[in-house]
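J.: Using the UniProt record's numbering, the first residue of the sequence shown is number 1, and each one after it goes up by one. Idealized CB from N, CA, C, for every residue including glycine.
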Amino acid sequence: MTSRGQTFAGGPAGAASAAGRIAGALTAYACGDAFGLPWEGSAPRDVDLRRAADIPARGRWERGSTSDDTALTLLVAEHLTTHGGAGDPAALMGTLADRAASIYGLGPSTIAAIEHFRAHGRPPARGGRTNGALMRALPIGWATAPEATERRRQWVRALSAITHPDPVAQAAAAVAAACASWAVEGVDGPMLLAVAAAEADALAGIASPAASDAVAGTDALAGVDAVQSLSALVRAIERGRWAPPPAGVSLDPVETLGAVLHCVATRPTLGAALTAAIGLGGDTDTVAALTGGILGGRHTPEEVRAELPWSSHALLPPRGTIDVLADGLATLREPGPAG
């Protein structure tokens, strides 16, 4: 498969429909969220991998619960399918504000944005250099074909900016969305790192000559200086020089994206990648959810559940909800006009 001068080899994903693979990605995302939630905020040394498959209860969270990560990812998927694309981002902000009381564990940037919206009737204009936009970006990738780069970036920017105006937060979300899009086409973990590199380079405006067409005419999400760190990050992972944060993965969007790409690219299976994700400590539910949501795009829900036997303990969204959203996102993915 080729997009804007970049060629990526697809895998065996064609055996299932795009809707089936998106349903698999949603399932794997929620599984990763539930798998990581018991260890959120833990130092790496305090993550007990021997107990991980039990998905133990923690605090107010009952065993197998998913977090705000899954709730907001479903919310974005619902918005995309209802509006036929990004639609009016203010509508998403309004829905988020209306439902906030029922979503436990919202991040600091999202809470601040909701408070600003309630006080001023509009989203904030600055701030938000955290991983919340990245965390909920995968449905945009699932809803756009790999070659729909401009549409995908526009949707990422529009739906991220309501809570995360920061350009680095938006650029990290765009890289994750690109990976999610290509994964549904069957691109595997190591090749997804090449996808991430191409997207980071394009966003930074420093693409290689082969990718120069992707930069030309692009309404960039951020300037070169602001997102330069993303290109450097991907190069470090490619060269085996990325080191996990000793205290665990923070809410920083670049740090979170690095952890996800490391797990996606260096582990041979979905199960191994999710185990690696929680072993990093810190924001384990977000890293594991994103890792699952990207790698799960190569599988159906049944295949995901078969590979993750502990998923029987996870309190996943209803299968009907997953299937309806997956069908809608797959329809958006098809060629044709979309908002």
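Return the chain-ordered list of same chain residues with a C-beta closer than 8 angstroms to the C-beta of Leu233, the five sequence neighbours on each side being excluded.
T.: Taking the sequence shown and counting its residues from 1, the one referred to as residue 233 is at position 233. Result list for Leu233: Ala200, Trp242, Val254, Leu257, Gly258, Leu261, in chain order.
J.: Would the beta-carbon of Ala273 fall within 8 angstroms of that of Leu295?
T.: To locate residue 273, count along the sequence shown from 1; it is residue 273. To locate residue 295, count along the sequence shown from 1; it is residue 295. A contact, by the Cβ cut-off of 8 angstroms.
J.: If we ignore side chains and look at the alpha-carbon of each, how far apart do Ala90 and Ala276 end up?
T.: Locating residue 90 in the sequence shown gives position 90, counting from the first residue. Locating residue 276 in the sequence shown gives position 276, counting from the first residue. Between Ala90 and Ala276, the C-alpha separation is close to 37 angstroms.
J.: What is the DSSP secondary structure of Arg58, counted as helix, strand or coil?
T.: Locating residue 58 in the sequence shown gives position 58, where the first residue counts as 1. Residue state, collapsed to three classes: strand.
J.: Suppose only complete runs of 4+ residues qualify. What are the alpha helix (DSSP H) ranges in the stretch 131-168, listed by chain order?
T.: Correct list: 132-135, 138-142, 149-161.
J.: Going by Cα to Cα distance, which pick from Ala330, Asp46, Ala23, Leu26 is closest to Gly279?
T.: Here residue 279 corresponds to residue number 279 of the sequence shown, with the count starting at 1. The shortest Cα separation from Gly279 among Ala330, Asp46, Ala23, Leu26 belongs to Asp46.
J.: Alpha carbon to alpha carbon, how far is Asp327 from Ser212? Give it in angstroms, no decimals.
T.: Walking along the sequence shown from the start, residue 212 turns up at place 212. Walking along the sequence shown from the start, residue 327 turns up at place 327. The predicted model places Ser212 with a pLDDT of 40, which falls under 50 and marks its position as unreliable; any figure quoted below should be read in that light. Distance between the alpha carbons of Ser212 and Asp327: 34 angstroms.
J.: Leu221: buried (16+ other C-beta within 10 angstroms of its C-beta) or exposed?
T.: Residue mapping note: residue 221 aligns to position 221 of the sequence shown, counting from 1. Note that Leu221 has pLDDT 46, beneath the 50 cutoff, so the model's placement of it is unreliable and the number below is only indicative. Flag for Leu221 reads buried.
J.: Measuring alpha carbon to alpha carbon, tell me which residue in Ala161, Leu193, Ala306, Glu238 is nearest Ala125.
T.: Here residue 125 corresponds to residue number 125 of the sequence shown, with the count starting at 1. When each option's Cα is compared against that of Ala125, the closest is Ala161.
J.: Would you list the one or two residues that DSSP bridges to Val249?
T.: Translated into the one-based positions of the sequence shown, residue 249 becomes position 249. DSSP lists Gly282 as partners of Val249.
J.: Grouping DSSP H, G and I as helix and E and B as strand, with all else coil, what is Ser67?
T.: Mapped onto the sequence shown, residue 67 falls at position 67. Reduced to three states, the DSSP call for Ser67 is coil.
J.: Within its chain, find whatever has a CB closer than 6 angstroms to the CB of Ala71; leave out the 5 residues flanking it on each side and keep chain order.
T.: Locating residue 71 in the sequence shown gives position 71, where the first residue counts as 1. Once the five neighbours on either side are set aside, the close Cβ partners of Ala71 are Ile103.
J.: Helix, strand or coil for Asp219 per DSSP?
T.: Locating residue 219 in the sequence shown gives position 219, counting from the first residue. In this prediction, Asp219 scores a pLDDT of 41, lower than 50, which makes its location untrustworthy; no coordinate-derived value is stated.
J.: Let's test the definition: count the other Cβ atoms within 10 Å of the Cβ of Ala77 and tell me whether it reaches 16, buried, or not, exposed.
T.: Taking the first residue of the sequence shown as position 1, residue 77 is located at position 77. Buried, by the Cβ-count rule.
J.: Could you check whether the stretch 31-43 touches the stretch 53-64, counting it as contact only if at least three pairs of C-beta atoms, one from each stretch, sit closer than 8 angstroms?
T.: Yes: the two stretches touch, three or more of their Cβ pairs being nearer than 8 angstroms.
J.: Tell me the DSSP bridge mates of Ser42?
T.: Numbered from 1 along the sequence shown, position 42 holds the residue referred to as residue 42. Partner(s): Gly282.
J.: Going by alpha carbons, who is nearest to Ser65 out of Ala18, Tyr29, Ile114?
T.: Working through the sequence shown from its first residue, we reach residue 65 at position 65. Comparing Cα-Cα distances from Ser65 to each of Ala18, Tyr29, Ile114, the minimum goes to Tyr29.
J.: Judging by CA-CA distance, which residue of Thr163, Leu80, Gly297, Arg157 is the nearest neighbour of Asp188?
T.: In the sequence shown, the residue the question calls residue 188 occupies position 188. Ranking the options by Cα distance to Asp188, first place goes to Gly297.
J.: Quick check: the stretch 104-116 against the stretch 174-192, are at least 3 beta-carbon pairs closer than 8 angstroms?
T.: Contact fails: fewer than three Cβ-Cβ distances are below 8 angstroms.
J.: Within the continuous alpha helix (DSSP H) that includes Gly29, where are the two ends?
T.: As a first step, residue 29 must be located in the sequence shown, where it is residue number 29. Before going on, a small fix: residue 29 reads as Tyr here, not Gly. Looking at the DSSP string, the run of the alpha helix (DSSP H) that includes Tyr29 is 18-36.
J.: Relative to the C-alpha of Cys31, which candidate in Ala306, Thr331, Leu329, Ala330 has its C-alpha closest?
T.: As a first step, residue 31 must be located in the sequence shown, where it is residue number 31. Cα-wise, what sits closest to Cys31 is Ala306.
J.: Return helix, strand or coil for Thr269, following the three-state DSSP convention.
T.: For the purposes of this step, residue 269 is taken as the residue at position 269 of the sequence shown. Thr269 falls in the coil class under three-state DSSP.
J.: According to DSSP, is Gly127 helix, strand or coil?
T.: For the purposes of this step, residue 127 is identified with residue 127 of the sequence shown, where counting begins at 1. Three-state DSSP puts Gly127 in coil, outside helix and strand.
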